[in-house]
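As structure tokens, the structure follows; a few thoughts come after it.
In our numbering, the protein residues as written are 2 to 135.
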């Protein structure tokens, strides 16, 4: 007796758009501290936060976020004003190893780290003023 695969239908609101930024210069831990701040926020709030944060990793994160929103708008037909960052993560990439000459013929290693940034956005239901007051 063979089992038929179960098909689960997902509602239209559960569509997600994902964008990746691979081989971004910078350590994954420094990128994660910025991603933790914007996770769960709306697209507009996240852009405002990224603009005024004093970290170097905000520029590549902004690029990946804009790409995810463009994917949602173009491929899935979502409205950018309703998008929320559903998940954001950074994994470490390959490490470039360089050496710096030091005293007495020694060499100190320099590790130039890279990371892979992934951001997914999904549409959130719009709350009206009546729902917010209740």
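Yeah, the Cβ is synthetic: ideal placement off N, Cα and C, and Gly gets one too.
Go to residue i, then tell me how far its beta strand (DSSP E) extends in each direction, as first and last residue.
i, result
"residue 36", "Unbroken run through residue 36 is the alpha helix (DSSP H), 29 to 39; no beta strand (DSSP E)."
"residue 99", "97 to 102"
"residue 22", "17 to 26"
"residue 125", "First-last for residue 125: undefined, no H or E at that position."
Rounded to whole angstroms, what is the Cα-Cα separation between residue i and residue j?
i, j, result
"residue 23", "residue 124", "25 Å"
"residue 34", "residue 68", "20 Å"
"residue 54", "residue 75", "28 Å"
"residue 9", "residue 83", "Only weak support exists for where residue 9 lies, its pLDDT of 44 falling under 50; the value from the coordinates is given anyway. Approximately 25 Å, taken between the alpha carbons."
"residue 70", "residue 18", "7 Å"
"residue 60", "residue 104", "37 Å"
"residue 106", "residue 45", "53 Å"
"residue 36", "residue 73", "19 Å"
"residue 52", "residue 62", "11 Å"
Excluding sequence positions up to five away, which residues of its chain have a Cβ less than 6 Å from the Cβ of residue i?
i, result
"residue 97", "113"
"residue 111", "99 and 101"
"residue 80", "none"
"residue 31", "58"
"residue 88", "121"
"residue 16", "77"
Ordered along the chain, which non-local residues of its own chain (more than five positions away) have a Cβ less than 8 Å from that of residue i?
i, result
"residue 1", "Nothing in the structure corresponds to residue 1, since the chain is present only between 2 and 135."
"residue 50", "38, 39 and 42"
"residue 108", "100, 101 and 102"
Kindly give me the distance between the Cβ atoms of residue i and residue j, rounded to whole angstroms, as I take these residues to be in contact under 8 Å.
i, j, result
"residue 86", "residue 40", "6 Å"
Enumerate in chain order the residues of its own chain whose CB-to-CB distance from residue i is below 7 Å, with the five nearest sequence positions on each side excluded.
i, result
"residue 116", "25, 27, 28, 29, 32, 91, 92, 93 and 94"
"residue 47", "39, 66 and 86"
Worksheet item: Which whole runs of the beta strand (DSSP E) in the stretch 42 to 98 are 3 residues long or more, in chain order?
Response: 84 to 93
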